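Colleague: Can you read through this structure? Questions will come right after.
Chains as they are written, first to last, in our numbering: chain A, 17 to 62; chain B, 2 to 309.
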């Protein structure tokens, strides 16, 4: 028995793409925070 | 009436499309050569500062690549090799690519200046401008020597890596720059020989299109001959040890053999599979990885006396 393929829903696809972009942006911002913290520590020679 | 392209654009571009704009495969070579420049320098660098330097080189290269794709979206749409990129396939708005490229470029230069040095930031800014404006906008559509001068853009990463470690420009990083500068024409023209029809279709004056294959094969040989002594100079001036010297001799000798093989042949009709040209292109990528790998191995194993 095979499942029927789900019909393409543009609204759902749009939501999925935006959620993916938000996650990627969030991770990038988090990485920037860690990076700037590390640079500050090195520059302050801590 | 909506076209397939407008339907595709109605969905937002995914993060994968933005990532693809940075040309990740090219970026691996940029990261590798930048890292080699950093590790081959005679000064040990703080690991965090070293990481920031490589990250900024990579992000700067990604920003320049995004700007390149923004400017060349129409050209990319006409070539089989590039028509599935985010812009020509209609998955992304052109302005998004432009803004993304400007943001990455500006951020990489700022962080390089704040975290590493302003000399490195200036060189990085120069390399981004060189690739996005001098090469992409000015030279590529105008002259068949586009690749020769444009190759300078790809030659900056080891120079920046070395300067990040030492804090100043000296002969050795300039030699690393010169190696990639001389390597680029035979590397890229080998590719242009077997994708010649695509470049001709979109009106890019690549040397095989404008001057013909015979001249291209001659020029590839000339640049490969010039490359050989430049790769050996670091050994001759005593900046590297025997491991690099022997590796550079062998690799450059093999690269020269590839160039001679390509120079001696002619295309055998339209069905020619161009095997020697494809092999030279593949070897050119291996060549650069192996040469810079040998440079680092030499610095870490031979020069401190680990190997004799």
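Backbone N, C-alpha and C fix where the C-beta goes; we use that ideal spot for every residue, glycine too. It should be emphasised that the depicted structure is a prediction, and the values quoted were computed from it without experimental measurement.
If we define contact as Cβ-Cβ less than 7 angstroms, is residue 16/B a contact residue for chain D?
Modeller: The question asks about chain D, but that chain is absent: this structure's protein chains are A and B.
Colleague: Closer than 7 angstroms by beta-carbon distance: list the chain B residues that pair up with residue 31/A, in chain order.
Modeller: Numbered from its first residue, the first chain carries residue 31/A at position 15. What residue 31/A touches in chain B: nothing, since even the nearest Cβ is about 10 angstroms away.
Colleague: My understanding is that residue 196/B touches residue 208/B, with C-beta atoms under 8 angstroms, so please give their C-beta distance in whole angstroms.
Modeller: In the second chain, residue 196/B corresponds to position 195, counting from 1. In the second chain, residue 208/B corresponds to position 207, counting from 1. At roughly 13 angstroms, the Cβ-Cβ gap does not stay under 8 angstroms, so residue 196/B and residue 208/B are not in contact.
Colleague: Indicate the three-state DSSP secondary structure (helix, strand or coil) for residue 50/A in the structure shown.
Modeller: Mapped onto the first chain, residue 50/A falls at position 34. Residue state, collapsed to three classes: helix.
Colleague: Going along the chain, which residues of its own chain have a beta-carbon closer than 8 angstroms to the beta-carbon of residue 282/B, five neighbours each way excluded?
Modeller: Position 281 of the second chain holds residue 282/B. Contacts found: 188, 191, 192, 195.
Colleague: Give, in chain order, every residue of the region 33-48 of chain B whose Cβ lies closer than 8 angstroms to some Cβ of chain A.
Modeller: Residues passing the 8 angstroms Cβ filter: 47.
Colleague: Closer than 7 angstroms, CB to CB, is residue 42/A near chain B or not?
Modeller: By 1-based counting over the first chain, the position of residue 42/A is 26. No, residue 42/A lies away from the interface with chain B (no Cβ there is under 7 angstroms from its Cβ).
Colleague: Could you tell me which of 162/B, 199/B, 221/B, 231/B sits nearest to residue 179/B, measuring between CA atoms?
Modeller: On the second chain, residue 179/B is found 178 positions in, with the first residue counted as 1. When only C-alpha atoms are compared, the closest one is 231/B.
Colleague: Is the beta carbon of residue 227/B sitting closer than 7 angstroms to the one on residue 183/B?
Modeller: Locating residue 227/B in the second chain gives position 226, counting from the first residue. Locating residue 183/B in the second chain gives position 182, counting from the first residue. Yes, Cβ-Cβ distance for residue 227/B and residue 183/B is below 7 angstroms.
Colleague: Can you tell me where the alpha helix (DSSP H) holding residue 71/B begins and where it ends?
Modeller: Working through the second chain from its first residue, we reach residue 71/B at position 70. From DSSP, the alpha helix (DSSP H) with residue 71/B extends over 48-72.
Colleague: For residue 313/B and residue 244/B, what's the separation of their Cα atoms in angstroms?
Modeller: The requested residue 313/B is not part of the displayed model; chain B covers only 2 to 309.
Colleague: Compute the Euclidean distance between the alpha carbons of residue 141/B and residue 177/B, then round it to the nearest angstrom.
Modeller: The residue labelled residue 141/B in the question sits at position 140 within the second chain. The residue labelled residue 177/B in the question sits at position 176 within the second chain. If I take the Cα positions, the gap works out to 24 angstroms.
Colleague: Mind checking residue 75/B: buried by the 16 CB within 10 Å criterion, or exposed?
Modeller: One-based indexing of the second chain puts residue 75/B at position 74. Per the 10 Å Cβ criterion, exposed.
Colleague: What does a CB cutoff of less than 8 angstroms around residue 125/B pick up in its chain, not counting 5 residues either side in sequence?
Modeller: Position 124 of the second chain, counted from the first residue, corresponds to residue 125/B. 57, 58, 61, 109, 110, 113, 157, 161, listed in sequence order.
Colleague: What is the DSSP secondary structure of residue 303/B, counted as helix, strand or coil?
Modeller: Numbered from its first residue, the second chain carries residue 303/B at position 302. Residue state, collapsed to three classes: helix.
Colleague: Any Cβ of chain B within less than 7 angstroms of the Cβ of residue 22/A?
Modeller: To locate residue 22/A, count along the first chain from 1; it is residue 6. Judged by the 7 angstroms Cβ criterion, residue 22/A is not in contact with chain B.
Colleague: Contact check, residue 164/B vs residue 121/B under 8 angstroms by CB: the rounded distance?
Modeller: Here the question's residue 164/B lines up with position 163 in the second chain. Here the question's residue 121/B lines up with position 120 in the second chain. Residue 164/B to residue 121/B, Cβ: 5 angstroms. Contact.
Colleague: Where residue 206/B and residue 22/B are concerned, what is the direct C-alpha to C-alpha distance, given to the nearest angstrom?
Modeller: As a working mapping, residue 206/B is identified with position 205 in the second chain. As a working mapping, residue 22/B is identified with position 21 in the second chain. Distance between the alpha carbons of residue 206/B and residue 22/B: 24 angstroms.
Colleague: Ends of the alpha helix (DSSP H) at residue 41/B?
Modeller: Against the second chain, residue 41/B aligns to sequence position 40. Where residue 41/B is concerned, the enclosing alpha helix (DSSP H) stretches over 25-41.
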